[in-house]
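In our numbering, the protein residues as written are 1305 to 1431.
Note that beta-carbon positions come from the ideal geometry of N, C-alpha and C, so glycine has one too.
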Amino acid sequence: MGEPWVDRERLADAANLFAEKVDVLLDRVVDSAIGPARAHSADQLRDDSEARLLTRIAIAHRAGVDPVLDVQRALRVGMTWEQIGDATGIGASPARTRWSTDQPVEGTSDNRSRRRRSVDDQQMSMW
1305 MGEPWVDRER
1315 LADAANLFAE
1325 KVDVLLDRVV
1335 DSAIGPARAH
1345 SADQLRDDSE
1355 ARLLTRIAIA
1365 HRAGVDPVLD
1375 VQRALRVGMT
1385 WEQIGDATGI
1395 GASPARTRWS
1405 TDQPVEGTSD
1415 NRSRRRRSVD
1425 DQQMSMW
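Right, here's the structure in full:
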């Protein structure tokens, strides 16, 4: 049968399950922080979606979880680096340096959470 850390397929399945559970938990935490979505018009829905996405980014970043997929989602819907930088508390330029896909990502600041680890090419992104 082998050890669990040797079976790559089993590890991939476990990592996918973990990522799904973290995503659901983050949505619940966002609901707790800002309340459930209550949009009644297209403009309110857009504003609420932006607020929820920025809140997801902020919470994940502060919890030591890399919000890269939510950052990419925010950029696709037209949010700015200023909004993302404000949400994370690191500013627009550091946010762009850290999460931009058109620039190589350099080292991160010294005030990172200890829970963050450098990303391995073989490691799945959580978001």
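- request: Grab me the residues of Val1385's own chain with a C-beta within less than 6 Å of its C-beta, minus the 5 sequence neighbours each way, in chain order.
  value: First, the residue type needs correcting, since residue 1385 is Trp and not Val in the sequence shown. Excluding residues within five positions, the ones whose Cβ falls inside 6 Å are Ala1396, Ala1399 and Arg1400.
query: For Ser1336, which option in Thr1359, Ala1318, Lys1325 and Glu1324 has the closest C-alpha, if you only look at C-alpha atoms?
result: Thr1359
task: Take every Cβ of the stretch 1375-1392, pair it with every Cβ of the stretch 1348-1366, and state whether three or more of those distances are shorter than 8 Å.
output: yes
message: Looking only at its chain, what residues have a beta carbon closer than 8 Å to the beta carbon of Ser1413, apart from the 5 residues adjacent to it on each side?
response: The pLDDT assigned to Ser1413 is 39, lower than 50, so where the model puts this residue is not dependable, and the model offers no usable value.
Range covered by the alpha helix (DSSP H) that runs through Thr1384: No alpha helix (DSSP H) holds Thr1384; DSSP gives it neither H nor E.
message: Buried or exposed for Ala1378, going by 16 or more other Cβ atoms inside 10 Å?
response: buried
task: Report yes if the C-beta distance between Ala1364 and Asp1352 is below 7 Å; otherwise report no.
output: no
- prompt: What span of residues does the alpha helix (DSSP H) with Asp1331 cover, start to end?
  reply: Arg1312 to Ile1338
query: From Val1310 to Asn1320, what distance separates their C-alpha atoms?
result: 17 Å
C-beta contact flag for Arg1356 and Val1334 at 7 Å: yes
Cut-off 6 Å between Cβ atoms - residues of its own chain near Leu1349, not counting five sequence neighbours on either side: Ala1343
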